[in-house]
Amino acid sequence: MSFKLPNLPYPYNALEPHIDARTMEIHHSKHHNAYTDNLNKAIAGKPEDSMSIEDICKNISKYSPAIRNNGGGYFNHCMFWEIMSPNGGGAPIGALADAINAAFGSFETMKEQFAAAGATRFGSGWAWLCKTNEGLKICSTANQDNPLMDISDCKGTPILCLDVWEHAYYLNYQNRRPDYISAFWNVVNWDEVARRFA
Ligand code: MN3
């Protein structure tokens, strides 16, 4: 078994009241665990079994739908847990703040565009802030696709992500996806986003 479900870097209740403990527990121990198990089943006995998840994503057009869905699900959730923190929120500083201002004009405008990308993603998917050769970009992907994937029309190195599948918020927010997105800013780990940006 190549891929392991990572432990969360904080307890399930650490992001309350913004993301509730029950949602975090089910999301991590059931959803992310299932993507991990199903990815391992899909790559068993194949060369992909010895590849990094990033390299699998970058060559995803060569692989099965099961690897695309579960490999994306594995990578996306690993990143999602890390870019949140109970000590999160606030605003980025330094080179990341400069890059955000250069690309969007202000931190507030970046947040508005990111929130719109998540709110308008029809059905299930993710919102992303990506580093590209043309500066920072915001986009969204469907299902478990991500900007590393060669099939993505939203390519770049992801530095911030938000899961907008209903399983990420429905217990606490029901149909109010925009309220979940607003609350997310209180738990963003800007130190980790800056590390990925650098
Ligand atoms: Mn999810």
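Following the numbering used here, the numbering of the sequence shown begins with 46 at its first residue and continues without gaps. The beta carbon of each residue, even a glycine, is placed where N, CA and C say it ideally should be.
Using a 10 angstroms sphere on the CB of Lys91, the tally of other CB atoms stays under 16, which defines it as exposed.
Taking a cut-off of 8 Å on C-beta distances, the region 217 to 228 does not touch the region 185 to 195, as fewer than three cross pairs fall below it.
Taking a C-beta distance under 9 Å as the contact criterion, His212 and Thr81 do not qualify as a contact pair.
Ile183 is not a Cβ neighbour of Trp171, given a cutoff of 9 Å. Non-local C-beta neighbours of Lys200 in its own chain, meaning closer than 6 Å and more than five positions away in sequence, comprise Pro192, ordered along the chain.
Here the residues close to the ligand MN3, judged by CB distance below 6 Å to any of its heavy atoms, are His72, His76, His122, Asp208, Trp210, His212 and Ala213 in chain order.
A straight line joining the alpha-carbon of Arg113 with that of Asn231 spans about 31 Å.
Only residues of its own chain outside the window of five on either side were considered, and among them Lys200, Gly201 and Thr202 have a CB closer than 8 Å to the CB of Thr177, listed in chain order. Between Pro137 and Trp235, the CB-CB gap stays under 9 Å.
Here Asn52 is exposed. Its C-beta has fewer than 16 other C-beta atoms within 10 Å. Under the three-state reduction of DSSP output, Trp235 falls in the helix class.
With respect to the C-alpha of Leu216, the residue from Ile64, Pro54, Ala59 and Phe120 having the closest C-alpha is Ile64.
Take the alpha-carbon of Gly117 and the one of Ser95: they are about 17 Å apart. Residue pairing from DSSP places Lys176 in a beta bridge opposite Leu181 and Thr202.
Taken through DSSP and simplified to helix, strand or coil, Leu207 comes out as strand.
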